[in-house]
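Residues 3 to 434 in the numbering used here are what the sequence shown lists, from first letter to last.
The beta carbon of each residue, even a glycine, is placed where N, CA and C say it ideally should be.
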Amino acid sequence: MKLAPRLALLLAAAVVTATACAPQTSDDSSSGKDEKSGTLRVWLFQEVNNKPKEKVVDAVLAGFEKAHEDTEVTVEYIPVETRAQRIKAAFNDPASAPDVIEYGNTDTAGYVKDGGLLDVTEEFAAWDEAKDTDATARQSVTVDGKVYGAPYFVGVRALYYRTDVFDELGLKPPKSMDELAATAKRIRAEKPDLYGIAVGGAYTYGAMPFIWANGGELATGKGGSYASAVDSAAAREGIEAYTSLFGDDNCPAAKCAGMGGNDTVTAFASGKAAMAIGGDFSHQAVEAGEVKGAYAVVPLPGVEPGSIAPAFAGGNNIGVLKSTSHRTLAVDLMKRLASKEAQGDLFGAMGFLPTFTDVRQRVAAEEPFVKPFVDTLAAGTKFVPASAAWATIDSSQVLPTMFQEVVSGKKDVGAAAGDAAKKMDDAFGSAG
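Structure, rendered in C-alpha cells:
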C-alpha cells in the first residue's frame, strides 16, 4: 500500500485497528463451485476523487458483460480506512462476500494466512500480459511461491527539489546520499527559514531507501519464516544516514521527529522545504502548492555517485476471494480490471503508475513528470517481508519508534536497532 494520500493502503494503523476488532476467519475452504452466469460482486477502494476511476472501471465492466452473456457485475467502492474489518468479515461470510476485491499490496500475506484469497498461480502464468509485469509487482502478489492476485498499480518515491532555491544558490541535484546531506545542510545554512530536506521520524517509507541503499535489509528469510535484519551493520549505516538529517542544521528534531510522509510533502508544497522525498502520487498536491512551477524531481540518489536508491514499491492489487462461486468468471474479471489497457486508462484518469514495464515506458513518454519515478522503478525496487507479521510491525510503529529514539538521543543506533529487531522477531514468531 504506495502509502501515500491516494495509496492509503499503507496506513497501517487502520489495518491493525480494524483487524483487531474483526472476527477470526473460520476456515480455509473454497466454495468448490464455478458457475458460468449470474451476478459478480466487486469491492474497489474509494478515492478522494472517484469519478475518473469509476469511468475506467465501468468501461471494463461493459466489456466483461458483453463477453459473458447472462452475467452482471455490481461494484461497491469501500473506504480504505475500514477495508481490513470489512474484508476479513467477508472471508467469514461467503454468502455476502464479493467475488473480486482491490487490496493493498502489503496486505497480501495477511489475507493469504486468513485463507481469504484464491490461488491463481496457474491462471496468472497462462495470462499473456503477465510476462510484462515488473518483478517487484509480481512479488507483491506472491506468497510462498504461489500467486494470489494481479498487480493493479504501483507507487514509488523520488526526490522533489526547489529549482528556484537551487538556481539561487548555484546548486545541482545531489548525485549521492552524502551529497544529499551536504546540500540540505548548505541550504539550511544559507536560508535558515527553510528545511534543507524535510524528513520525518514517522516516515517509514521515506527512510527505507537509506537502509536498502547501504546494503541493509528489513528482514531475511522466505516461505513465511523471517528474521529481522535491521540491526545488521549495513542496516545500521542506513539508519545513521537517515537520522543524521535530523537536527538544527537541516530539519530540527523537535519539529521533524513526529512528521510522517504527508507532513514532509506538505512542508515542501507549502514552500517550507527545499527538498522532500515524495511519490508520483504526491504530484497533484505539489502542483496545488506554493512551489508550483518552481520544482523538479529526480530519483533519490544512492550511496555511490550516480546510483539510485532502492525505493519501496507500494500500490494495490486485484484478487479473487476463495469463496467465489464464479471462479472462471471472477479470474477473467480480475485480469480485465488489471489489464494493460485498463492500467493505461487508470493512469490517464488518476495518475496511478502501471505495473507493466512496457505500459510505464509509454506513459512516461507522454507525461514527463513520470520519468524520474519510472527510472526509479527500472533501477530496482524493494518490498516488505511477505509475512502476515508486517501489519503488526507497521501498525506498532516499530521502525518509526527506532528512528525517533535515535533522533531524540534516547538511544544510539545500535541500541535502537537491536530493540526494533527484537520486536520484529517477536511479531514474525507470533505470525507463525
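Which stretch, first to last residue, makes up the alpha helix (DSSP H) that contains residue i?
i	result
GLY240	235-245
PHE385	Segment: none, PHE385 is in no alpha helix (DSSP H) and carries neither H nor E.
TYR79	No alpha helix (DSSP H) holds TYR79; the beta strand (DSSP E) holding it covers 73-80.
ALA419	415-433
GLY202	Careful: GLY202 lies outside any alpha helix (DSSP H) and carries neither H nor E.
THR326	That residue, THR326, is in no alpha helix (DSSP H); it is neither H nor E in DSSP.
Please list, in chain order, all residues of the same chain as residue i whose beta carbon is under 6 Å from its beta carbon, the five residues on each side excluded.
i	result
ALA418	MET404, GLU407, VAL408
GLY65	none
GLY431	none
ALA92	ALA99
Give every residue of the same chain whose Cβ lies closer than 7 Å to the Cβ of residue i, excluding the five residues on either side of it in the sequence, and list them in chain order.
i	result
ALA429	ALA391, THR394, ILE395
PRO312	PRO211, TRP214, ALA215, GLY382, THR383, LYS384
SER28	For SER28, the predicted structure reports a pLDDT of 37, less than 50, and the residue's modelled location is therefore unreliable. A value from the coordinates is still provided. Result list for SER28: ASN94, in chain order.
GLY420	ASP233
GLN26	For GLN26, the predicted structure reports a pLDDT of 39, less than 50, and the residue's modelled location is therefore unreliable. A value from the coordinates is still provided. So no residue of the chain qualifies.
ASN57	Reading the sequence as shown, one finds Lys at residue 57 and not Asn. These residues qualify, in order along the chain: ALA351.
TYR297	TYR162, TYR163, ARG164, THR165, VAL288
THR123	LYS148, VAL149
ASP136	THR357, THR359, LEU379
Pick from the options: whose alpha carbon is nearest that of residue i?
i	options	result
ASP180	GLY218, GLY240, GLY223	GLY240
LYS115	GLY273, SER389, GLY151	SER389
ALA278	ALA69, ASP109, TYR162	TYR162
SER227	LEU63, ARG238, GLN48, PRO387	PRO387
GLN141	GLU368, THR108, SER246, LYS90	THR108
PRO356	CYS258, VAL333, GLY316	GLY316
TYR113	ASN252, VAL143, VAL167, ALA137	VAL143
ASP347	PHE371, ARG364, ALA259, THR135	ARG364
LYS133	GLY118, ALA152, TYR244	ALA152
GLY280	ALA256, THR222, PRO175, PRO301	PRO301
Assuming contact is defined by CB atoms lying nearer than 7 Å, are residue i and residue j in contact in what I supplied?
i	j	result
ALA111	VAL145	yes
GLY249	TYR205	no
PHE126	VAL156	no
VAL120	LYS324	Looking at the sequence itself, residue 120 is Leu, so the reference to Val does not match. Yes.
VAL299	PRO374	yes
THR266	ALA200	yes
VAL62	LEU331	no
ASN319	TYR105	yes
What are the boundary residues of the beta strand (DSSP E) that residue i is part of?
i	result
PRO153	152-157
GLU104	102-106
LYS174	Note, LYS174: premise wrong, no beta strand (DSSP E); not H, not E.
PHE439	What is shown of the chain runs 3 to 434, which leaves residue 439 out entirely.
TRP392	Unbroken run through TRP392 is the alpha helix (DSSP H), 391-397; no beta strand (DSSP E).
GLY65	Looking at the DSSP string, GLY65 is not in any beta strand (DSSP E); the run it does join, the alpha helix (DSSP H), is 53-69.
THR135	Segment: none, THR135 is in no beta strand (DSSP E) and carries neither H nor E.
For residue i, which residues from the same chain have a beta carbon less than 8 Å from its beta carbon, with the 5 sequence-adjacent residues on both sides left out?
i	result
ALA423	SER230, ALA231, VAL232, ASP233
GLN48	TYR79, ILE80, PRO81, VAL82
On the DSSP bridge assignment, give the partners of residue i in chain order.
i	result
VAL409	In the DSSP output, where bridge partners are listed per residue, VAL409 has none listed.
PRO312	PRO312 is not bridged to any residue.
GLY281	ARG159
LYS148	VAL145
ARG164	TYR297
VAL44	VAL77, VAL102
ASN319	TYR105, PRO153
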